[in-house]
Amino acid sequence: MIVASVGRAPEATPLSVSVDRSDPDRPLIRVGGELAYATAAPLRAEVDRVLADAPRALVLDFADLTFIDSTGLAVIVHAWREGQSVGTTLRLRAVPRFLATILDITGVAALLGRPLPATRAVGPGSPQSSATA
1 MIVASVGRAP EATPLSVSVD RSDPDRPLIR VGGELAYATA APLRAEVDRV LADAPRALVL
61 DFADLTFIDS TGLAVIVHAW REGQSVGTTL RLRAVPRFLA TILDITGVAA LLGRPLPATR
121 AVGPGSPQSS ATA
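For the record, in the sequence shown the residue sitting at position 39 is 39 according to UniProt numbering, with numbers rising by one throughout.
Pasting the structure below:
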């Protein structure tokens with residue numbers, strides 16, 4: 001049985017977004033929680049703020065992402081498209097399996113280039129982190 005609350009939107013887990021600009025050529029945005037219709041606006045705003053500086057690369061880290069819907073996917077495509085317009089390469093890091101599957105099924109993975117596997121730990125100073133930009 002499916003139960004729905006009439007007149008009330010379902011509760012979403014809050015989205016956490018943090019920006020690390022310690023490397024101005026490769027700012028990092030960490031995304032956690034649910035990236036969905038009800039929560040996507042802050043991430044899109046941060047992406048736009050970061051891309052205003054036209055860095056060489058923008059890294060989105062999804063290590064703590066628990067859910068994504070079509071609006072969240074649209075934010076990723078927006079980041080790629082806007083990045084292309086200012087000469088910024090979009091890189092995805094710590095992509096959970098569910099997100100990798102969605103990116104593959106929708107063709108977004110081919111658009112972006114293959115994201116790093118979720119099973120590989122990539123952090124600042126590791127050989128993989130400098131090779132992705």
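Here a beta-carbon is modelled for each residue, glycine too, at the ideal position from N, C-alpha and C.
Nearest-angstrom Cβ-Cβ length linking residue i and residue j, presumed shorter than 8 Å
i          : j          : result
residue 51 : residue 82 : 5 Å
residue 95 : residue 62 : 5 Å
residue 60 : residue 26 : Actually they are not in contact, since the Cβ atoms of residue 60 and residue 26 sit about 11 Å apart, beyond 8 Å.
residue 39 : residue 33 : 7 Å
Closer than 6 Å: residue i CB and nearest the ligand ATP heavy atom
i          : result
residue 77 : In the structure on display, the ligand ATP does not appear, and there are no ligands present to speak of.
Where residue i falls: helix, strand or coil (DSSP)
i           : result
residue 97  : helix
residue 87  : coil
residue 79  : helix
residue 65  : strand
residue 20  : strand
residue 112 : helix
residue 72  : helix
residue 35  : strand
residue 57  : strand
residue 26  : coil
residue 43  : helix
Straight-line Cα distance separating residue j from residue i
i           : j           : result
residue 20  : residue 97  : 24 Å
residue 74  : residue 108 : 10 Å
residue 5   : residue 13  : Per-residue confidence for residue 5 stands at a pLDDT of 39, beneath the threshold of 50, marking its modelled position as unreliable; no derived number is given.
residue 15  : residue 70  : 15 Å
residue 170 : residue 111 : The requested residue 170 is not part of the displayed model; the chain covers only 1 to 133.
residue 47  : residue 53  : 10 Å
residue 88  : residue 76  : 13 Å
residue 49  : residue 78  : 13 Å
residue 64  : residue 17  : 10 Å
residue 72  : residue 58  : 17 Å
residue 43  : residue 56  : 19 Å
residue 45  : residue 99  : 21 Å
residue 23  : residue 29  : 12 Å
residue 41  : residue 84  : 20 Å
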